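**Q**
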Amino acid sequence: MAYEVVIGLEVHTELSSKSKIFCSCTTLFGGEANSHICEGCTGFPGALPVLNEAVLERAIKTGLATNCEINLQNRFDRKHYFYPDSPTAYQTTQFYQPICLNGYLEVEDEEGQTKKIRIKEIHMEEDAGKLSHDPFTDTSLVDYNRAGVALLEIVSEPDFRSAAEVVSYLEKLRSILQYADISDCKMQEGSLRADINLSIRPKGSQELGVRTEMKNLNSFRAIARAIESETQRQIDALRDGEEIIQETRRWDDDKGESFSMRTKEDALDYRYFPDPDLPPLTISEDMIEKVRKTLPEMPEEKKKRYIEELGLPEYDTGIITDSVHLVRVFEETAKVCADPKEAANWIMGELLMLLKDSQTLPENIDFDPSYLGKIINMLKEGKINRGTAKKVFAEVFAKNMEPEAYIKENNLELLTDNTAIKAAVEKVVAENEKSVNEYKSGKKKAFQFLMGQSMKALRGQAPAQEVSKLLKELLD
Ligand SMILES: [Zn+2]
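Numbering (my numbering), first residue to last: 3 to 478.
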């Protein structure tokens, strides 16, 4: 029997607001344990929460960018957990009335066809603290710095039929969140993570099979591998006549396997109820319109504009718009050098290579992109050659060096003074009598040698064409 996989996603993203969702503590990543906390986010009795407006705006922005309806009447609820990483023993979330409903994103399926993935809802909630267990001293330590950092949970319908569709959706969602400054989406810092609900059913069936859940996956590669592995595990189990148990499984990316964590029997009753400390939220049409105006140009629109207005090939636009950080470098570089295609070439060639070699993510690029524009200008004006341009760009990339000053200091400019070039070539001719005679007796290869010696004497800083011309004049 042929089976098909049915997948739904719950994506958690940490918002880039400067302060936490219900207090004014900083959301900066890292810092000494328990240094970013107050009475509010550590749940002291009597400390009252106040919703951060920057969080609300980002939630509305996300809804608008993912084709959702904004729920004009929404509110917060308490979800109860007894874990030491939650000082209040409940999470403030939105259960009954989430802020966004009924959206969708278009993704590419495995055949490259466009497919709609429905978004059931998006709700605002708070993150928990972090526990670390020390097996040597048999103690557990808790750090509340992340407690109360705002999260959005984006819940899809079970519309995915392959790992490729899931990754395409996540890439799209990540660009939207980054473009609109909703989240930095640093997966290694946990600011974008996904729970995967997965079941199997005979192909053609409309009924859903029993699903398992894998939680907190934080790399696209791990997500794709976890989906492939869990799909195969369930198909094998069904073929062997086993029953799939509804359970939460933990994916171990090193082992390439998932393990059962807890089954439905001990599923928790969260005892949701409306938060009595936070008033219901009423959102006006005015506010929605105000937020809509702050939405920036999104990846698809940018692609279209780059093709139509800048004349870039579609292939280039796909690579550049994939990351808001590459877009930033591209737009500034193209502005300074007024040559979008050359700017795109440098980004797709040299920049991507430098990123790969230094294992740097585009989000950690920290050179001034106008410097790349300046390098391109100097190259086009014939002040430096391509080899030097690449070398200088590597310095700019690593140390954010101002290129013009660097080129001057290191004497890298091409010689434009013909007398100096001529003097160097004459010296080479005088010092290499043997080769000169060989050339004159018809050995053309000797010319290449003399040319090489001349370029060496000029430290590669003279236009090769000019050197060749002068050398010929001297020899013939
Ligand atoms: Zn706080």
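Even for Gly, the Cβ is constructed at its ideal location relative to N, Cα and C.
All values derive from a computational prediction rather than experimental measurement.
1) Tell me LYS2's beta-bridge partners as DSSP assigns them.
2) Could you please give the first and the last residue of the uninterrupted alpha helix (DSSP H) stretch that includes ALA345?
3) State yes or no: is the C-beta of ASP238 within less than 9 angstroms of the C-beta of SER164?
4) Closer than 6 angstroms between the C-beta and any heavy atom of ligand 1: which residues qualify, listed along the chain?
5) When DSSP labels each residue in this structure, what does THR139 get in the three-state scheme?
6) Buried or exposed for PHE261, going by 16 or more other Cβ atoms inside 10 Å?
7) Which residue or residues does DSSP assign as beta-bridge partners of MET126?
8) Would you say MET403 and TYR373 are within 9 angstroms of each other, going by their C-beta atoms?
9) Considering only C-alpha positions, which residue in the set LEU219, LYS174, GLN208 is nearest to GLY192?
10) Where MET189 and LYS447 are concerned, what is the direct C-alpha to C-alpha distance, given to the nearest angstrom?
11) Which whole runs of the alpha helix (DSSP H) in the stretch 437 to 468 are 4 residues long or more, in chain order?
12) Alpha carbon to alpha carbon, how far is LYS63 from GLU123?
13) With DSSP as the reference, please indicate the residues paired to ASN76 in a beta bridge.
14) What residues in its chain sit with their C-beta under 6 angstroms from that of PHE369, if we drop five residues either side in the sequence?
15) DSSP three-state call for MET300: helix, strand or coil?
16) If you drop the 5 nearest sequence neighbours on each side, which residues of the same chain put their C-beta closer than 6 angstroms to that of LEU417?
17) Here's a check: name, in chain order, each residue in its chain whose Cβ is nearer than 7 angstroms to the Cβ of SER158, leaving out the five neighbours to either side.
18) Which residue or residues does DSSP assign as beta-bridge partners of ASN199?
19) Would you give the residue range spanned by the beta strand (DSSP E) that GLU249 belongs to?
20) From this set, PRO371, THR68, ALA196, which residue's C-alpha is nearest TRP348's C-alpha?
21) What do you reckon, are the CB atoms on LYS117 and ASP161 nearer than 9 angstroms?
22) Quickly, what does DSSP pair ASP145 with across the bridge? List them, please.
23) Measuring alpha carbon to alpha carbon, tell me which of SER134, THR421, GLU428, PHE395 ends up nearest LEU414.
24) Taking TYR106 as the reference, give the member of LYS20, TYR98, ALA67 with the closest Cα.
25) Please report the distance separating the alpha-carbon of LYS304 from that of ILE23.
**A** This is what the structure holds:
1) Residue 2 lies beyond the stretch modelled for the chain, which goes from 3 to 478, so this question has no answer here.
2) As a working mapping, residue 345 is identified with position 343 in the sequence shown. Per DSSP, ALA345 belongs to the alpha helix (DSSP H) from 342 to 348.
3) Residue mapping note: residue 238 aligns to position 236 of the sequence shown, counting from 1. Residue mapping note: residue 164 aligns to position 162 of the sequence shown, counting from 1. Not closer than 9 angstroms, so no.
4) Answer in sequence order: LYS22, CYS25, CYS27, ILE39, CYS40, GLY42, CYS43, GLY150.
5) Within the sequence shown, residue 139 is the residue found at index 137, counting from 1. Correct three-state label for THR139: coil.
6) Position 259 of the sequence shown, counted from the start, is the residue given in the question as residue 261. Under this definition PHE261 is an exposed residue.
7) For the purposes of this step, residue 126 is taken as the residue at position 124 of the sequence shown. Residue pairing of MET126 in beta bridges, as defined by DSSP: LEU154.
8) Numbered from 1 along the sequence shown, position 401 holds the residue referred to as residue 403. Numbered from 1 along the sequence shown, position 371 holds the residue referred to as residue 373. Yes. Within cutoff.
9) Reading the sequence shown from its first residue, position 190 is the one you call residue 192. Nearest C-alpha to GLY192: LEU219.
10) The sequence position of residue 189 within the sequence shown is 187, counting from 1. The sequence position of residue 447 within the sequence shown is 445, counting from 1. The alpha-carbon atoms of MET189 and LYS447 are separated by roughly 57 angstroms.
11) Those alpha helix (DSSP H) runs which fall completely within the stretch 437 to 468 and span 4+ residues are 447 to 459.
12) Sequence index remark: in the sequence shown, residue 63 carries index 61 (1-based). Sequence index remark: in the sequence shown, residue 123 carries index 121 (1-based). C-alpha separation (whole angstroms): 14 angstroms.
13) As a first step, residue 76 must be located in the sequence shown, where it is residue number 74. In DSSP, ASN76 forms a bridge with LEU283.
14) Walking along the sequence shown from the start, residue 369 turns up at place 367. In chain order, VAL398, PHE399, ASN402 place their CB closer than 6 angstroms to the CB of PHE369, counting only its own chain and leaving out the 5 sequence neighbours on each side.
15) To locate residue 300, count along the sequence shown from 1; it is residue 298. DSSP places MET300 in coil when its eight states are reduced to three.
16) In the sequence shown, the residue the question calls residue 417 occupies position 415. Excluding five sequence positions before and after LEU417, the CB atoms of its chain that fall closer than 6 angstroms to its own CB belong to ILE423, GLN463, ALA464, given in chain order.
17) Taking the sequence shown and counting its residues from 1, the one referred to as residue 158 is at position 156. Around SER158, the same chain offers GLY10, LEU11, ILE119, ARG120, ILE121, LYS122 as residues with beta carbons nearer than 7 angstroms, after the five sequence neighbours per side are excluded.
18) The residue you call residue 199 lines up with position 197 of the sequence shown. Looking at the DSSP assignment, ASN199 forms a beta bridge with GLY10, GLU215.
19) Residue mapping note: residue 249 aligns to position 247 of the sequence shown, counting from 1. Counted as a single uninterrupted DSSP element, the beta strand (DSSP E) harbouring GLU249 occupies residues 249 to 254.
20) On the sequence shown, residue 348 is found 346 positions in, with the first residue counted as 1. For TRP348, the nearest C-alpha among the options comes from PRO371.
21) As a working note, residue 117 is residue 115 in the sequence shown. As a working note, residue 161 is residue 159 in the sequence shown. The answer is yes: Cβ separation under 9 angstroms.
22) Against the sequence shown, residue 145 aligns to sequence position 143. Partner(s): LYS132.
23) Against the sequence shown, residue 414 aligns to sequence position 412. Answer by Cα proximity: PHE395.
24) One-based indexing of the sequence shown puts residue 106 at position 104. Minimum Cα-Cα distance from TYR106 among the listed residues LYS20, TYR98, ALA67 corresponds to ALA67.
25) Your numbering for residue 304 matches position 302 in the sequence shown. Your numbering for residue 23 matches position 21 in the sequence shown. LYS304 and ILE23: Cα-Cα distance of roughly 32 angstroms.
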